[in-house]
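Notes follow the structure.
There are 2 protein chains.
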Amino acid sequence: MKFLLVLCVVSAGLLGGCATAELRGSGDLGVVIEREAGSVLIVNTTRIAVLSRITELGDLSHASVVFSRDQRYAYVFGRDGGLSKIDLLQDKLEKRIVQAGNSIGGAISQDGRWIAVSNYTPGGVKIFAADTLEQIADIPASYGEGLLSKVVGLADASDQRFVFSLFDADQIWVANLHNPQAPQIQKFSQIGKQPYDALLTPDGRYYLAGLFGETGLAKLDLWQPEAGVNRVLPDYGAHEEKLPVYKMPHLQGWTASGDWLFVPAVGQHEVLVIDKHTWQLLKRIPVAGQPVFVTARPDGRQVWVNFALPDNQLVQVIDVKDLSVSKTLQPGKAVLHMEFSPRGETVWLAIRDDNRVAVYDTETLSEIGQLPADKPSGIFFSARANQLGL
Amino acid sequence: MKFLLVLCVVSAGLLGGCATAELRGSGDLGVVIEREAGSVLIVNTTRIAVLSRITELGDLSHASVVFSRDQRYAYVFGRDGGLSKIDLLQDKLEKRIVQAGNSIGGAISQDGRWIAVSNYTPGGVKIFAADTLEQIADIPASYGEGLLSKVVGLADASDQRFVFSLFDADQIWVANLHNPQAPQIQKFSQIGKQPYDALLTPDGRYYLAGLFGETGLAKLDLWQPEAGVNRVLPDYGAHEEKLPVYKMPHLQGWTASGDWLFVPAVGQHEVLVIDKHTWQLLKRIPVAGQPVFVTARPDGRQVWVNFALPDNQLVQVIDVKDLSVSKTLQPGKAVLHMEFSPRGETVWLAIRDDNRVAVYDTETLSEIGQLPADKPSGIFFSARANQLGL
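Line by line, the protein sequences are chains A and B.
So for the first sequence, the working numbering puts the first residue at 1; every next one is plus one.
So for the second sequence, the working numbering puts the first residue at 1001; every next one is plus one.
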């Protein structure tokens, strides 16, 4: 005997067009980006299983994903300005729009009602209703004489705010969405040359933007924005050894554990440990290559690091108790991304050139499962719905 | 036109016994305990709506709730030893067992496979399979000559562990569930007199037990259990002013924000602020009554406090930036519990003697909605599935 859920259209009392779907909680679901194919896999993290593949999602280079408040829908932001809403319960593309010519990322508002997308072309942020994808507001990143800046480092924050940086204008903007049709914008200028990416600390308090045009980081304290933007870590981004930089590290790859931020050094074989109280460099941890993502297990005990070419077959695990590398793994060819299950018992690795996702037990540090995937490049679990700043 | 999900029993190719259910993500669901009625409400936190009521759950005094890894099921632990598994997608009681004579709480293992229940009578911990509620293991809290201790302060921890305290035996035990049929137990003795409750810090690192028989707290560092149990906050629990204690504060009402722990003072009109690095008292914040729960908004900016009789009509909000009370609210008669939505934009209050749940906007500190409930005593949202130590 088997139980099935049947989705039916009820019209004028008549049943028609029923489609079956298994009854599915949405707390242990995720999305794997298949970059070259322009598709995503819907996965289940309890059973380590692929549930379905959703195709024709456009250019998914640098794709990122956020989740609806009820974790039923995934919103996929593509490089081509595409915004796709995927129904994780019915394994289908609910709606897709192309909202700009060149897009770099997105976020969902604290209450889940608004989707924000940051665009290169035309430079600015657009706001959409999460339910219908109807455009609600347009925030052109205007500066100077009719110029529009590329927008980067978009993050959602408490009290219905979005924070983002203007690469060409050296500015940080805070948009308040209480009236979504007419967002109120607070602007901070001369924050440093060419902010290229940013992150919100996991507690949602500090917005930090990396600077392409100079060293250091621009820091905005969202608990007291009236204090303005300050510069911290004045040496960050300086290339003492003049190594070629194979990949600018993502700032969203930064991570916090207890009192420390773990940060990929730009162009160097080091992870930097920053004291969150003083914003001073506490330690440089030597690692096997140029770090890209530096991600803490949810309980903060471990930090996992992947690397740019030519070392992207490696992953290293830092034991936070000792602030040193405790294990070097060789999961496969081109490990592009890592995602922890919400309570941290496993971590999923996107291994592009092996066409698979590997699942590791974080206690034994051994592989416990794998799934086939077409050149996977990113993994996003539905528990992100519960977190600010992603 | 309307979409309905129809649940059908498929047997030998025949459809029969279909029941309808709306298609439902499980990320924004919750459970409200109706203590005297022995029932719970299933609620939706996006729409602020009651979806259903599940009845006949036994004695729900001191009831607590954990959620399955997929957020489909809620497990309700009753005072009478009842363990009820509720299907949040189908609004029904899936299974109920009475596993002991007198129970105080429960937890779910990191990987979601095992449910642990801590019992007074007979004293010990029992382990059940989360899917079937079949008993998997029994851990009697044996000490001395054939004695069994009451078990309190049960928490789930990383690496498939449960941690709990033995009230009568002055011990803390750590049970490793890698082999659930035969849990490995690490015992710490003489940890202090009569541990009565405990909490795990939100990062999962420190287990802290309050002591009924003496002052101070027993602290176990789960990152290095070999260091043993130490005593911290030597004055905690001392009643300088000899006020009558109307209610022993729940330690699980403790909360962390950034560098600080916020702790209800026992029997005094104060919230204590503890420095997490030194475990020293940083500040005493005067409040309106004897605090019971002291709960941080998920971003740590606010701490909400409710009170024991005769002040349980009040709730106070502490601004963590200033470490002082910024607002005193009068939500209604007998505010027993508070639960934040996962990203903190709202907080739900159980107002027992007004027979309602009130929903507050945490930015404006005003009531934005309410739901009828029969003497509500506790509120638990499904996002707890993603957190350790609850």
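Glycine residues also receive a C-beta, built at the ideal position from the N, C-alpha and C atoms.
Remember, it's a predicted structure, so these values are computed and weren't measured experimentally.
At what residues does the beta strand (DSSP E) containing residue i begin and finish?
{"i": "T1095(B)", "result": "The amino acid occupying residue 1095(B) in the given sequence is Lys; Thr does not appear at that position. Run containing K1095(B): 1092-1098, per the beta strand (DSSP E) assignment."}
{"i": "P234(A)", "result": "That residue, P234(A), is in no beta strand (DSSP E); it is neither H nor E in DSSP."}
{"i": "D156(A)", "result": "151-157"}
{"i": "A1102(B)", "result": "Here residue 1102(B) turns out to be Asn, not Ala, going by the sequence shown. From DSSP, the beta strand (DSSP E) with N1102(B) extends over 1102-1108."}
{"i": "F1167(B)", "result": "Element bounds for F1167(B): n/a, residue is neither H nor E."}
{"i": "K283(A)", "result": "280-286"}
{"i": "W1348(B)", "result": "1346-1351"}
{"i": "E1022(B)", "result": "No beta strand (DSSP E) holds E1022(B); DSSP gives it neither H nor E."}
{"i": "L89(A)", "result": "Where L89(A) is concerned, there is no enclosing beta strand (DSSP E), given that its DSSP letter is neither H nor E."}
{"i": "S1257(B)", "result": "1255-1257"}
{"i": "P1291(B)", "result": "1291-1296"}
{"i": "F340(A)", "result": "335-340"}
{"i": "E226(A)", "result": "Taken as a continuous stretch (DSSP letters only), E226(A) belongs to no beta strand (DSSP E), as it is neither H nor E."}
{"i": "V1210(B)", "result": "A small fix is needed here, since residue 1210(B) is Gly in this sequence, not Val. Element bounds for G1210(B): 1206-1211."}
{"i": "K187(A)", "result": "184-188"}
{"i": "D311(A)", "result": "Neither: D311(A) is in no beta strand (DSSP E) and is coded neither H nor E."}
{"i": "P264(A)", "result": "260-264"}
{"i": "S1064(B)", "result": "1064-1067"}
{"i": "D197(A)", "result": "195-200"}
{"i": "E1270(B)", "result": "1270-1275"}
In the DSSP assignment, what residue or residues form a beta bridge with residue i?
{"i": "W1114(B)", "result": "A1129(B)"}
{"i": "P372(A)", "result": "R356(A)"}
{"i": "F381(A)", "result": "G30(A)"}
{"i": "Y1143(B)", "result": "L1147(B)"}
{"i": "R1161(B)", "result": "A1157(B), N1176(B)"}
{"i": "L1220(B)", "result": "Y1207(B), V1229(B)"}
{"i": "I1318(B)", "result": "V1303(B), V1325(B)"}
{"i": "T121(A)", "result": "N102(A)"}
{"i": "S52(A)", "result": "I42(A)"}
{"i": "K85(A)", "result": "Y75(A), K95(A)"}
{"i": "P135(A)", "result": "Residue identity differs from the one stated: residue 135(A) is Gln in this sequence, not Pro. In DSSP, Q135(A) forms a bridge with F128(A)."}
List, in order along the chain, the chain B residues whose C-beta lies closer than 8 Å to that of residue i?
{"i": "Q110(A)", "result": "R1343, G1344, E1345"}
{"i": "W223(A)", "result": "R1301, K1321"}
{"i": "E363(A)", "result": "S1158, D1159, Q1160"}
{"i": "T46(A)", "result": "R1069, D1070, G1112"}
Is residue i near residue j, with beta carbons less than 9 Å apart?
{"i": "R47(A)", "j": "L60(A)", "result": "no"}
{"i": "A1074(B)", "j": "I1097(B)", "result": "no"}
{"i": "Q186(A)", "j": "W173(A)", "result": "yes"}
{"i": "L1147(B)", "j": "D1168(B)", "result": "yes"}
{"i": "E34(A)", "j": "P376(A)", "result": "yes"}
{"i": "L371(A)", "j": "V50(A)", "result": "yes"}
{"i": "A116(A)", "j": "L154(A)", "result": "yes"}
{"i": "G30(A)", "j": "W260(A)", "result": "no"}
{"i": "S341(A)", "j": "T45(A)", "result": "yes"}
{"i": "I285(A)", "j": "V325(A)", "result": "yes"}
{"i": "L1199(B)", "j": "W1279(B)", "result": "no"}
{"i": "G106(A)", "j": "V66(A)", "result": "yes"}
{"i": "V151(A)", "j": "N119(A)", "result": "yes"}
{"i": "L1314(B)", "j": "L1336(B)", "result": "no"}
{"i": "L1089(B)", "j": "L23(A)", "result": "yes"}
{"i": "A383(A)", "j": "G112(A)", "result": "no"}
{"i": "H269(A)", "j": "Q302(A)", "result": "no"}
{"i": "A1373(B)", "j": "V1359(B)", "result": "no"}
{"i": "G216(A)", "j": "D235(A)", "result": "yes"}
For residue i, return the contacting residues in chain A, with the cut-off set at a CB-CB distance below 7 Å.
{"i": "R1072(B)", "result": "G25"}
{"i": "G1258(B)", "result": "D203"}
{"i": "D1028(B)", "result": "R69, D70"}
Is it the case that the CB of residue i approaches a heavy atom of the ligand SAM more closely than 8 Å?
{"i": "R1113(B)", "result": "This structure lacks the ligand SAM; in fact it carries no ligand of any kind."}
Members of the segment 1367-1390 of chain B that neighbour chain A once the beta carbon cut-off is set at 8 Å: S1382, A1383, A1385, N1386, Q1387, L1388
At a Cβ cut of 8 Å, what residues of the segment 124-155 of chain A count as close to chain B, listed as they run along the chain? none
Could you please tell me which residues of the segment 197-231 of chain A, in chain order, have their CB closer than 8 Å to any CB of chain B? D203, G204, R205, W223, Q224
Members of the segment 1079-1100 of chain B that neighbour chain C once the beta carbon cut-off is set at 9 Å: No chain C is part of this structure, whose protein chains are labelled A and B.
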